[in-house]
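Protein sequence lines, in the order shown, are assigned to chains A and B. All residue numbers for the first sequence refer to the numbering used here, where the first residue is 89 and numbers rise by one. All residue numbers for the second sequence refer to the numbering used here, where the first residue is 363 and numbers rise by one. As structure tokens, the structure follows; a few thoughts come after it.
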Amino acid sequence: MVLAGLGLLFFLLPLAGLIFRAPWDQALAGITAPETATALELSLFCSLAATAVALVLGIPLALVLSRTTGNLRNLLRALTTLPMVLPPVVGGVALLLAFGRHGLVGSLLYQAFGIQIPFTTAAAIMAETFVAMPFLVIAVEGGLRALDPRYEEAARALGARGWMVFARVTLPLLRPAIFSGAVLCWARALGEFGATITFAGNFPGRTQTVPVAVYVALETRPDSAIVLSLILLAVSLAILVGMRDRWLGAP
Amino acid sequence: MTKAVVAMLAVVVVAGCGGSTWTGYEPLYPPLTIFAASSLQPAFDKIGQKAISQHIATPSFNYAGTQTLTAQLLQGGPGDVFASADAAHMTSVDSADLLAGPSRIFAHNKLEIAVGNGNPKGIQTLADLSRAGLVVVLADPSVPAGKYGQQALSKAHVTVKPASLELQVTGVLNKVALGEADAGIVYVSDIVTSGKVDGVAIPDDQNIVADYPIAVLKSTQNQAAANAFINFVLSGEGQGILKASGFLGV
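This is how it looks when you write it as structure tokens:
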């Protein structure tokens, strides 16, 4: 009990600090300031796009992970979870070396089409996807492993083909795991800073997401940094609470 | 068991006393924490080694953008010496009453255009940075280098559309070194010590001279050693190291 209380306190004190130090008289001006709106809009767009990409690529990856066994599975699993333990800045450097103008893949893109990924909104989405997708993969893989194989077997016995089984039986059963994974993934993407600043840089309206804007503001206008942080906090909290009720089946 | 616990407690109590009341012992080379602007790193790493080998002090360095260091100090970050990349941030630390004494200018720096090795885009002047299709990266105006860069560009009457406003000069340097950016504005000292980029000089009438002030912090535990370190930075030897790293001496 005491430890649980301490744990909760440890989470809540920094939030309390933000709330107590917030310049409430300036909060309204901060919320309506065009820079804030730009950063918030970009943050929401990038984090939702990153979650969408993670859903498209992450669910198949989780399927493959859940169907492999032994050493191969351990290796694949370690590789997918690597971005979770990697410092995000290192992830950003790795993305630069892969997708930059002189990177492994990026150089081909640049030479063939003249496309440069870094410094674009696409780069911010990629950075967020890189860091956040593992959360979705892990959640979905856990859901798949907890799945009772008899439902799929029954569907197959009744004559359903592979795709049909997946779409009509597996996916609906996986819904809670997919939603909780997607929410975690989205939350991680929304807070992403290190990989974004390294790979995508910082430019208002293009790559300056709220966490980056907070960092910039912290050093010149600490008050607006606190206001921005509070806004991000409120938006995240509202969406997390809303999602729980609607899709995760809150008890 | 109880004996062991008592013994451990005793050790903890004795050790706890050691720090505050045991005045008979003074370390030979007092430890110093130096808050230094990231552009100073190559020079200060060498100065630090000299300070250790000459038994002046044992400095450890907290390198970051000057604006980050200032924010840390204003939030109560403990340090002995603050070396800033501009006068404005030193002033804001001073007005928060965090300095033990007046600051002194110990070095100057100028700006240069950083370009890829061999200058593949043939950049000659600041005006070239406004060329279409060129990827230019600058430091954010909240960073001293970014503020100076803006001043230089407006002196040259050039408007640049930067691809990114990096939060540290090293961010600009790295993006040019990795080839992601074609050009950026950094300090001469960055180019001298980087070795991975080439520099294109900016004429004096468009350039700025950055002053680097240094001061002892009020939170110091070791005023004498902190002063000795600053004197070493200002000495002929310290200035020599700074000049070899591309700074201008005082």
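Backbone N, C-alpha and C fix where the C-beta goes; we use that ideal spot for every residue, glycine too.
Inter-residue Cα distance where the pair is residue 155 of chain A and residue 501 of chain B: Taking the first sequence and counting its residues from 1, one reaches residue 155 of chain A at position 67. Taking the second sequence and counting its residues from 1, one reaches residue 501 of chain B at position 139. Approximately 48 Å between the Cα atoms of the pair.
Start and end residues, beta strand (DSSP E) containing residue 397 of chain B: Stepping through the second sequence from its first residue, residue 397 of chain B is reached at position 35. First-last of the beta strand (DSSP E) with residue 397 of chain B: 393-399.
Partners in chain E for residue 542 of chain B, counting only beta-carbon separations shorter than 7 Å: This model lacks chain E altogether; the protein chains it does include are A and B.
Cutoff 8 Å: residue 216 of chain A Cβ touching any chain B Cβ: On the first sequence, residue 216 of chain A is found 128 positions in, with the first residue counted as 1. Interface annotation, residue 216 of chain A: not in contact with chain B, CB-CB separation never under 8 Å.
Euclidean distance between Cα positions of residue 408 of chain B and residue 608 of chain B: Numbered from its first residue, the second sequence carries residue 408 of chain B at position 46. Numbered from its first residue, the second sequence carries residue 608 of chain B at position 246. Roughly 13 Å separates the two Cα atoms.
Residue burial classification, residue 569 of chain B (beta-carbon count within 10 angstroms, cutoff 16): The count along the second sequence starts at 1 and reaches residue 569 of chain B at position 207. With 16 or more neighbouring CB atoms inside 10 Å of its own CB, residue 569 of chain B falls in the buried class.
Per-residue DSSP class, three states only, for residue 604 of chain B: As a working mapping, residue 604 of chain B is identified with position 242 in the second sequence. Looking at residue 604 of chain B - three-state DSSP - the assignment turns out to be helix.
Contact residues within the stretch 518-530 of chain B, judged by C-beta distance below 8 Å to chain A: Listed in sequence order: 524, 525, 526, 527, 528, 529.
Alpha-carbon spacing of residue 440 of chain B relative to residue 433 of chain B, whole angstroms: The residue labelled residue 440 of chain B in the question sits at position 78 within the second sequence. The residue labelled residue 433 of chain B in the question sits at position 71 within the second sequence. The alpha-carbon atoms of residue 440 of chain B and residue 433 of chain B are separated by roughly 12 Å.
Reduced DSSP secondary structure (H/G/I, E/B, other) of residue 419 of chain B: Along the second sequence, one-based indexing puts residue 419 of chain B at 57. For residue 419 of chain B, the three-state secondary structure derived from DSSP is coil.
Local Cβ density within 10 Å of residue 467 of chain B, reported as buried at 16 or more and exposed below that: As a first step, residue 467 of chain B must be located in the second sequence, where it is residue number 105. A residue is called buried once 16 or more other Cβ atoms fall within 10 Å of its Cβ, and residue 467 of chain B, having fewer, is exposed.
Test: residue 297 of chain A CB closer than 8 Å to a CB of chain B: Taking the first sequence and counting its residues from 1, the one referred to as residue 297 of chain A is at position 209. Cβ-Cβ to chain B under 8 Å: no for residue 297 of chain A.
Closer than 8 Å to chain A by CB, residue 457 of chain B: Against the second sequence, residue 457 of chain B aligns to sequence position 95. False, the Cβ-Cβ gap to chain A never drops below 8 Å.
Residue 285 of chain A: contacting residues in chain B (beta-carbon distance under 7 Å): In the first sequence, residue 285 of chain A corresponds to position 197, counting from 1. Neighbours of residue 285 of chain A on chain B, chain order: 529.
Option in A:277, A:231, A:274 with minimal Cα separation from residue 261 of chain A: In the first sequence, residue 261 of chain A corresponds to position 173, counting from 1. Each of A:277, A:231, A:274 was checked against the Cα of residue 261 of chain A, and the nearest Cα belongs to A:231.
Secondary structure of residue 309 of chain A, DSSP reduced to three states: Position 221 of the first sequence, counted from the first residue, corresponds to residue 309 of chain A. In this structure, residue 309 of chain A counts as coil in the three-state DSSP scheme.
As assigned by DSSP and simplified to three states, the class of residue 289 of chain A: Locating residue 289 of chain A in the first sequence gives position 201, counting from the first residue. Residue 289 of chain A: coil per DSSP, three-state reduction.
Under 9 Å from the C-beta of residue 497 of chain B: neighbouring residues of chain A: As a first step, residue 497 of chain B is located in the second sequence; it is residue number 135 there, counting from the start. The answer, in chain order, is 189, 204, 206, 207.
Meets three-Cβ-pair contact criterion under 8 Å: the stretch 285-300 of chain A and the stretch 128-137 of chain A: Output reads yes: the stretch 128-137 of chain A touches the stretch 285-300 of chain A.
Residue-chain proximity (residue 267 of chain A, chain B), Cβ-Cβ < 8 Å: One-based indexing of the first sequence puts residue 267 of chain A at position 179. No, because no Cβ of chain B sits closer than 8 Å to the Cβ of residue 267 of chain A.
Per DSSP, cross-strand counterpart(s) of residue 592 of chain B: In the second sequence, residue 592 of chain B corresponds to position 230, counting from 1. For residue 592 of chain B, DSSP assigns no beta-bridge partner whatsoever.
Neighbour list for residue 303 of chain A in chain B, Cβ cutoff strictly below 7 Å: For the purposes of this step, residue 303 of chain A is identified with residue 215 of the first sequence, where counting begins at 1. Listed along the chain, the chain B residues whose CB falls inside 7 Å of the CB of residue 303 of chain A are 529.
Per DSSP, cross-strand counterpart(s) of residue 472 of chain B: Taking the first residue of the second sequence as 1, we reach residue 472 of chain B at position 110. As DSSP reads the structure, residue 472 of chain B sits in a beta bridge with B:571.
For residue 424 of chain B, the residue or residues it bridges with in DSSP: As a position in the second sequence, residue 424 of chain B is number 62, starting the count at 1. BP columns for residue 424 of chain B point to B:397.
Where the beta strand (DSSP E) through residue 193 of chain A begins and ends: To locate residue 193 of chain A, count along the first sequence from 1; it is residue 105. Where residue 193 of chain A is concerned, there is no enclosing beta strand (DSSP E), given that its DSSP letter is neither H nor E.
Buried or exposed by the 16-neighbour rule on C-beta atoms within 10 Å, applied to residue 422 of chain B: Here residue 422 of chain B refers to the residue found at position 60 when the second sequence is read from its first residue. Residue 422 of chain B comes out exposed.
Partners in chain B for residue 307 of chain A, counting only beta-carbon separations shorter than 8 Å: On the first sequence, residue 307 of chain A is found 219 positions in, with the first residue counted as 1. Listed by position along chain B, the residues whose Cβ is nearer than 8 Å to that of residue 307 of chain A are 427, 429, 430, 432, 433, 504.
Chain B contact residues for residue 291 of chain A, given Cβ-Cβ distances below 9 Å: Within the first sequence, residue 291 of chain A is the residue found at index 203, counting from 1. The contacting residues are 524, 525, 526, 527.
Same chain only: Cβ atoms within 8 Å of residue 252 of chain A, ignoring 5 sequence neighbours per side: Residue mapping note: residue 252 of chain A aligns to position 164 of the first sequence, counting from 1. The beta carbon of residue 252 of chain A lies closer than 8 Å to those of 243 in the same chain, with the five residues before and after it left out.
Local conformation of residue 561 of chain B per DSSP, three classes: Counted from its first residue, the second sequence places residue 561 of chain B at position 199. For residue 561 of chain B, the secondary structure class from DSSP, reduced to helix, strand or coil, is strand.
Residue 218 of chain A (DSSP reduced to helix, strand or coil): Translated into the one-based positions of the first sequence, residue 218 of chain A becomes position 130. In the three-state reduction of the DSSP assignment, residue 218 of chain A falls in the helix class, which pools H, G and I.
Expected contact under 8 Å - CB spacing of residue 474 of chain B and residue 499 of chain B to nearest Å: Within the second sequence, the letter at position 112 stands for residue 474 of chain B. Within the second sequence, the letter at position 137 stands for residue 499 of chain B. Contact doesn't hold; Cβ gap of about 14 Å is too wide.
Distance between residue 256 of chain A and residue 312 of chain A (C-alpha atoms, nearest Å): The residue you call residue 312 of chain A lines up with position 224 of the first sequence. The residue you call residue 256 of chain A lines up with position 168 of the first sequence. Each residue's CA atom was taken as its position, placing residue 312 of chain A and residue 256 of chain A some 49 Å apart.
Residue 211 of chain A in three-state terms, based on DSSP: Taking the first sequence and counting its residues from 1, the one referred to as residue 211 of chain A is at position 123. DSSP places residue 211 of chain A in helix when its eight states are reduced to three.
Beta-bridge pairing of residue 526 of chain B - partner residues as DSSP gives them: As a position in the second sequence, residue 526 of chain B is number 164, starting the count at 1. Note: residue 526 of chain B sits in a beta bridge opposite B:499.
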